[in-house]
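Under this note's numbering, the first residue of the sequence shown carries the number 4, and numbering increases by one thereafter.
We put the CB at the ideal spot given by N, CA and C, even for glycine.
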Amino acid sequence: MARILIVEDEQRIASFVAKGLRAEGHQPTVVADGPGGLDAALSGRFDLMVLDIGLPGMNGFEVLDQLRSQGSRMPVIILTARDSVTDTVAALDSGADDYMAKPFRFAELLARVRLRLRTTDAPDARARDEVLRVGGLELDRRTRRIMINAEVLDLSAREFALAEIFMLNPGQVLTREQLLDHVWGYDFDPGSNVVDVYVGYLRKKVGNTTIATVRGVGYRFEPA
Ligand code: CA
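Right, dumping it as structure tokens:
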């Protein structure tokens, strides 16, 4: 569990990120303007900050600049529009740890949050996090590989993210909406059948009986 500060003025994105982090067991706090975000970041109450660039009061670059000039080494992940990536790469030099171009998938952000938190974690917590073993499946977050009975599966990035959320929640029903949020992010069409299609792909690789359909709701991972 980490205390994560989200500084983002677009309410839809802020609540999407907060909801996802909460589902992962973190404690998110949202601030919607630059000066408030800087104050919160300097309070020392947070382990990591997700920082938007276009913010009222003070932009994300200024927030970051002030934060670093006051000696804070808190990990910072910048959120940026795709057409400002060049500016953002410059921001990495001035003290950001990583960045995400919008729109992004929640799974991508989560991978970066994990990576940034891990660098400040104890070594044993690190090892516990990096490899998930459920049933005959082994998922390695460092190599982004999944093995089934010691045989490496060839998975796309989305199949990997889907397998990851199933392995984090064995035996639990996951709704289509939860799967969409985790794997495809906020930028999806809720009416699409993309989840069903990808569950189909994943079943072909991990075995048909491993993922059960829960009619009208979603899916449940049933490890052997
Ligand atoms: Ca903004």
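- In this structure, the straight-line span from the alpha carbon of Phe19 to that of Val34 is close to 14 Å.
- Shortest Cα-Cα distance from Ala215 to any of Val186, Arg179, His185 and Ser195 involves Arg179.
- Under DSSP, Ala215 takes part in a beta bridge, and its partners are Arg223.
- Near ligand 1, meaning a Cβ closer than 6 Å to any of its heavy atoms, lie the following residues in chain order: Asp12, Glu13, Asp55, Gly57 and Leu58.
- Bounds of any alpha helix (DSSP H) do not take in Pro59, whose DSSP letter is neither H nor E.
- By the Cβ-count criterion, Arg6 is exposed, with fewer than 16 other Cβ atoms from all chains shown falling within 10 Å of its own Cβ.
- Each of Arg206, Val176 and Tyr204 was checked against the Cα of Arg218, and the nearest Cα belongs to Val176.
- By the C-beta criterion, the region 53 to 64 is judged to be in contact with the region 26 to 42, since at least 3 inter-stretch pairs fall below 8 Å.
- Residues Arg6 and Leu8 of the same chain have their beta carbon placed closer than 6 Å to that of Phe49, with the five preceding and five following residues left out of the count.
- Boundaries of the beta strand (DSSP E) around Glu141: Leu140 to Asp143.
- 8 Å or more divides the Cβ of Phe163 from the Cβ of Ile151.
- For Arg147, there is no enclosing alpha helix (DSSP H), since its DSSP letter is neither H nor E.
- Excluding sequence positions up to five before and after Leu112, its CB lies within less than 6 Å of the CB of Met103, all in the same chain and listed in chain order.
- For Ala17, the enclosing alpha helix (DSSP H) starts and ends at Gln14 to Ala26.
- For Leu45, the closest alpha carbon among the candidates Phe64, Val53, Arg71 and Asp55 is that of Arg71.
- Note: Met103 is bridge-paired with Leu82 in the DSSP secondary-structure output.
- Using a Cβ distance threshold of 8 Å, Leu183 and Val200 do not count as a contacting pair.
- Bridge partners of Gln30 according to DSSP: Arg6.
- By the CB criterion at 8 Å, Val66 and Gly28 fall outside the cutoff.
- Counting other Cβ atoms within 10 Å of its Cβ, Ala153 stays below 16 and is therefore classed as exposed.
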